[in-house]
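Here is the structure we will look at, set down as structure tokens.
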Amino acid sequence: MPWEELTEEEKCMIHWLEKSYHGIEWNSGDIPYHRLQQVLQIFTRGVKKIFVKGEQKALWLKNYLPNTLISNVEDLGCPPLENIKSNKNYFCLHHQLSIRRKPACAVHNALSIRAWLLNYLSGKFSQDEVD
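Going by numbering that gives the first Met the number 0, the residue at position 68 of the sequence shown is 67; the numbering climbs one at a time, nothing skipped.
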């Protein structure tokens, strides 16, 4: 929804969320839906498989990328983001301004899921090698 169409009360609530909760601006990263499939195809050119967290996200992406295998890491046993322990600290200058809770940074989340997935896959391959 365009910012101009929001009520003053909604704008006030959004400003509070941006400053005090998640630190993500209202229009951060927006692209028009009519360009979404084209953008996704450009960024995934040559990619055979994409891992995502969440069934809804996996189904949604399958509609836009029908020729790409989309796998939900939750089907592999991936825990909630809060429970993923990553030994790599990622400091996001854009979202670290949140003072009330841990900021919601997509890059941090993606790196945490990647670390979990690599750990999962390395354990799986080492088990296969033993068997």
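The beta-carbon is built from N, C-alpha and C at its ideal position, and this holds for glycine as well.
Would you check whether the ligand SAM has a heavy atom nearer than 7 Å to the C-beta of residue 49?
With respect to small molecules bound, the structure shown includes none, and the ligand SAM cannot be examined in it.
Any beta carbon from chain C within less than 8 Å of residue 5's own beta carbon?
The structure shown contains no chain C; it holds only a single protein chain.
In whole angstroms, what is the alpha-carbon distance linking residue 25 and residue 1?
The alpha-carbon separation between residue 25 and residue 1 amounts to approximately 9 Å.
Beta-carbon proximity check, residue 63 vs residue 80, cutoff 8 Å
Cβ distance not < 8 Å, so residue 63 and residue 80 don't count as in contact.
Excluding the 5 residues preceding and the 5 following residue 124 in the sequence, name in chain order all residues of the same chain whose CB lies nearer than 6 Å to its CB.
Take residue 124, set aside five residues on each side of it, and no residue of its chain has a beta-carbon closer than 6 Å to its own.
So, with DSSP's three-state summary, where would you put residue 5?
Coil.
Find the nearest neighbour of residue 68 within the set 78, 77, 43, 12, judged by alpha-carbon distance.
Nearest option by C-alpha distance: 43.
What do you reckon, are the CB atoms on residue 77 and residue 112 nearer than 8 Å?
The answer is yes: Cβ separation under 8 Å.
Cα-Cα separation, residue 27 to residue 75:
Computed Cα separation, rounded: 31 Å.
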